[in-house]
Amino acid sequence: EFLIHIKSTGWPVRSFALSLSLSLVSLLESFPTTLKSKPALKHHQPKMMMLQKNAALQKSAVRSASKPAAFSRVPRGLTIRAANEDKRAQVIQPLNGDPFVGMLETPVTSAPIVANYLSNLPAYRTGVAPNLRGVEIGLAHGFLLAGPFIKLGPLRNVPGAAEVVGCMSAAGLVLILALCLSLYGNAAFQSTPSMGKKTLSGRPLAQDPLMSSEGWAKFAGGFTVGGLSGVAWAYVLTQVLPYYS
């Protein structure tokens, strides 16, 4: 009927109507194909989803196999230690448990015998005056220094001269050591500490009088007197007493 109506009309109207009818026919021919293609896509969707799931499972399995099993799920704040670490005896420890002191406690330094011996040395006896400590240390060093100069000096084979020259050399070394002590005291104790030492309960501890410029000067003077006295006693033993040959 539409085509008969086109024949009865004129040519311009017929050409327009013909083009319109052709476009409608082509549209109707393509419409069923789109409807038929949709079920095919729905049919392939489950297979594509299964393939995607299998690929994701394979990737997760590869990642878990590449990581070590022992360290894969360790919490961030957890520290791993050996089983027998706390059971081992700590032989060397910081002094009084304080690592900032710069001194270590060992079986040798912490032994009671060693601690008593070191506390009885003149340098660590805080109850004794600094000049008396210097005299005691000087006596021991002056007396012992004369022997190596007498037996190992350049005049050791000259009779009568080895003892005299050895004692004079020991006296010169004592004077050099006393000069070094005075220089160290002037350099180390230029100022007094602003804060003193206290116990854990807050009781102030008396400072060692040796650890000051005045105390160190007294110590150096006592060392000079004691050292020269030790050298003089060695000279007396080698020249006056008949027990030396």
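Each residue of the sequence shown is one higher than the last, beginning at 2 in the numbering used here. Cβ atoms here follow ideal geometry from the backbone N, Cα and C, with glycine treated the same way.
CA-to-CA distance, residue 239 to residue 142, given in whole angstroms: 17 angstroms
Report the rounded CA-to-CA distance for residue 110 versus residue 165, giving the unit in angstroms. 41 angstroms
Separation of residue 191 from residue 1, as counted between CA atoms: Any answer about residue 1 is impossible in this case: the structure gives the chain only from 2 up to 246.
Give every residue of the same chain whose Cβ lies closer than 6 angstroms to the Cβ of residue 225, excluding the five residues on either side of it in the sequence, and list them in chain order. 179
I'd like to know if the segment 226-234 and the segment 144-153 are in contact, where contact means that at least 3 CB-CB pairs between them fall below 8 angstroms. yes
Determine the closest residue to residue 132 out of 235, 236, 175, 222, with distance taken between C-alpha atoms. 222
Exposed or buried, residue 1, counting other C-beta atoms within 10 Å across all chains shown (16 or more means buried)? Because the chain spans 2 through 246 in this model, residue 1 falls outside it and cannot be assessed.
Throw me the rounded Cβ distance for the residue 186 and residue 235 pair, which I believe falls under 8 angstroms. With a Cβ gap of about 27 angstroms, residue 186 and residue 235 do not count as contacting.
Report yes if the C-beta distance between residue 106 and residue 96 is below 8 angstroms; otherwise report no. yes
Who are the Cβ neighbours of residue 210 in its own chain at under 7 angstroms, not counting the five residues just before and after it? 131, 216
Please state whether the Cβ-Cβ distance between residue 227 and residue 129 is less than 8 angstroms. no
Span separating the alpha-carbon of residue 162 from that of residue 188: 39 angstroms
State buried or exposed for residue 171, treating a residue as buried only when at least 16 other CB atoms are found within 10 Å of its CB. buried
Since residue 106 sits in a beta bridge, which residues does DSSP pair it with? 94
In whole angstroms, what separates the C-alpha of residue 158 from that of residue 167? 12 angstroms
Given residue 212 as reference, the closest of 241, 134, 203 once Cα atoms are compared: 134
Is it the case that the Cβ atoms of residue 138 and residue 149 are separated by a distance below 8 angstroms? no
Boundaries of the alpha helix (DSSP H) in which residue 134 is found, first to last residue: 131-153
Could you check the C-alpha separation between residue 101 and residue 108 for me, to the nearest Å? 20 angstroms
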